[in-house]
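Heads up: the sequence shown is residues -13 to 305, going by the numbering used here.
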Amino acid sequence: MEGGYGVGAYNVNNMEQVQGIMAAAGEMKAPVILQASRGALKYGKMIYLRKLMEAAVEDNPDIPIAIHLDHGNGFEACKLAISLGFTSVMIDGSLKEDSKTPTTYDENVAVTKKVVKYAHERGVSVEGELGTLGGIEDGVGSGKVLLTEPDQAQQFIEETRVDALALAIGTSHGAYKFKRAPTLAMDIIDEVKTRCPDTPLVMHGSSSVPDELVAIINRYGGDMPNTMGVPISSIQEAIKRGICKINVDTDNRLALTGAIRKFMAEHPEEFDSRKYLGAGRAAMTELLKGKMRAFGTAGHAGDYEPKTLEDMRKHYAEG
Ligand SMILES: [Zn+2]
């Protein structure tokens, strides 16, 4: 990933989300990462999501798109995603296969190394994670925060040869993150960036949980407590310091749900699912256009040379 901006990695579970994201990326001419969590794959089945993301690639030849497995919980999950043509996988070796219990450093290195070897032989890139995030989403997370230790991050990157590393700097998964604006450990980004300048760093749990989106949900029959996410200004600060992949899921869910609630409340006679899902899709596109501008990704679609998995396989084989 080129410097100076952060590419959004947006979770997808269905066609409307894929299309909503791609409409924003197309309009903003922004590179984009479509990612499926294991929860999504369970809900939609891996093959369906894979084909939806494949359709996005075919339908948007001018937009660079990575198709990514989010929080792979073990070697087998990553292997399955690779067999279906994902271009990138995350092995979250910070947690055991139950996606709840934290692992030891050595366990994390062992499983990450195994996935990296298998993936690189097939031209697929790998994201690892060191430290654990707060919050739980799609059943992923220990609920405890364990910040990334920079010296250990350097050792981890060297030992495993991961392509990208998710840092735990105090962000949290899900909508109910914080009661007030969080203080993120920005110095961890600096420290890791100095030690490993060539490794793209990743920020999970980066939804901002905007008040206006929560307000729409609550105005039309929802019942979400007051809550805060990661302010856009903190994300921009993190990007400046070296974060280049930003995972966002919750905000898209909020936009989609709010628009559907609003549409249904205003059109009680309507029962055509295309109408309310269409409204949800459009709301996501609007939200994401703003994020692509804020993350600096807008206008950067032309930065990337298309590469095949075979090109990447050779690249990895050369070391
Ligand atoms: Zn995550």
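Each residue gets a CB set at the ideal place from its N, CA and C atoms; glycine is no exception.
Residue i beta carbon near ligand 1 (any heavy atom closer than 7 Å)
{"i": "N(-3)", "result": "no"}
{"i": "H54", "result": "no"}
{"i": "N233", "result": "yes"}
{"i": "G58", "result": "no"}
{"i": "I191", "result": "Just to set this straight, residue 191 is Gly in the shown sequence, not Ile. True, at least one ligand heavy atom lies under 7 Å from that Cβ."}
{"i": "H159", "result": "yes"}
Simplified DSSP state of residue i, which is helix, strand or coil
{"i": "D84", "result": "coil"}
{"i": "V(-7)", "result": "strand"}
{"i": "F338", "result": "This structure cannot speak to residue 338, because the chain is shown only from -13 to 305."}
{"i": "C230", "result": "strand"}
{"i": "L119", "result": "coil"}
{"i": "L170", "result": "coil"}
{"i": "L295", "result": "helix"}
{"i": "M214", "result": "strand"}
{"i": "L66", "result": "helix"}
Bridge partners - residue i, DSSP secondary structure assignment
{"i": "M1", "result": "Answer by DSSP bridge pairing: none, since M1 is not bridged."}
{"i": "H54", "result": "Q21 and S74"}
{"i": "S111", "result": "S74"}
{"i": "S192", "result": "Paired residue(s): none; S192 is not in a bridge."}
{"i": "L240", "result": "Answer is none; L240 lacks a bridge partner."}
7 Å CB neighbourhood of residue i in its chain, flanking five on each side removed
{"i": "D92", "result": "none"}
{"i": "D48", "result": "A287"}
{"i": "L133", "result": "G117, A154, I155, G156, A171 and I174"}
{"i": "A42", "result": "V4, M8, L20 and I51"}
Contacts around residue i, its chain only, beta-carbon distance under 6 Å, and the 5 residues preceding and following it disregarded
{"i": "H106", "result": "Y302"}
{"i": "T271", "result": "G6, A9 and A10"}
{"i": "E(-12)", "result": "Unreliable positioning characterises E(-12) in this predicted model, as indicated by a pLDDT of 42, which lies under 50. The coordinate reading is nonetheless provided below. Around E(-12): D289."}
{"i": "D149", "result": "S111 and V112"}
{"i": "M14", "result": "K275, M278 and A284"}
{"i": "I225", "result": "G(-8)"}
N- and C-terminal bounds of the alpha helix (DSSP H) containing residue i
{"i": "I49", "result": "That residue, I49, is in no alpha helix (DSSP H); it is neither H nor E in DSSP."}
{"i": "A280", "result": "S259 to A280"}
{"i": "A201", "result": "D197 to R205"}
{"i": "A42", "result": "M32 to D45"}
{"i": "H106", "result": "Y91 to H106"}
{"i": "D139", "result": "A quick correction: the sequence has Ala, not Asp, at residue 139. Taken as a continuous stretch (DSSP letters only), the alpha helix (DSSP H) holding A139 covers P136 to T146."}
Boundaries of the beta strand (DSSP E) in which residue i is found, first to last residue
{"i": "M189", "result": "L187 to M189"}
{"i": "A152", "result": "A150 to L153"}
Cβ-based neighbour list, residue i, same chain, cut-off 8 Å, excluding 5 preceding and 5 following
{"i": "T98", "result": "I77, G79, V112, G114, F142, T146 and V148"}
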